[in-house]
Amino acid sequence: MAGYLELLTNYLQIQVVQAVLCIIISIIAAKFADWIIGRILSRLVSRTSSTIDDKIIQILHRPIYYSILLMGLGISVKLFPLIEHNAL
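Following my numbering, the numbering of the sequence shown begins with 105 at its first residue and continues without gaps.
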């Protein structure tokens, strides 16, 4: 068991693995936010008599999803090691 734990910690120190995990976590977080907004928040605002809150949720639904996704992708790009080229 200790060998597997040591192997896992060694893999987690590699920048490419960190970048891939960041992408996976950002996709999961975006899907989770999508689920919360789509199911839970939509149910709550549908109970009100006003329709403006329904429209706000509908308008903000996709931008919130893509914002979370793109933030995670941006972090993963910073984690990904880039090769430096020497200018001639």
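Note that beta-carbon positions come from the ideal geometry of N, C-alpha and C, so glycine has one too.
Because the structure is a prediction, the values reported are computed rather than measured.
- A Cβ-Cβ contact shorter than 7 Å links Pro185 with Gln119.
- Residue environment analysis places Tyr115 among the exposed positions, since fewer than 16 neighbouring C-beta atoms fall within 10 angstroms of its C-beta.
- If you draw a straight line from the Cα of Thr155 to the Cα of Leu145, it is about 14 Å long.
- Taking a contact as a CB-CB distance under 8 Å, the pair Ile172 and Ala123 does not count as one, their CB atoms being some 17 Å apart.
- Rounded to the nearest whole angstrom, the CA to CA distance from Ile140 to Asp157 is 15 Å.
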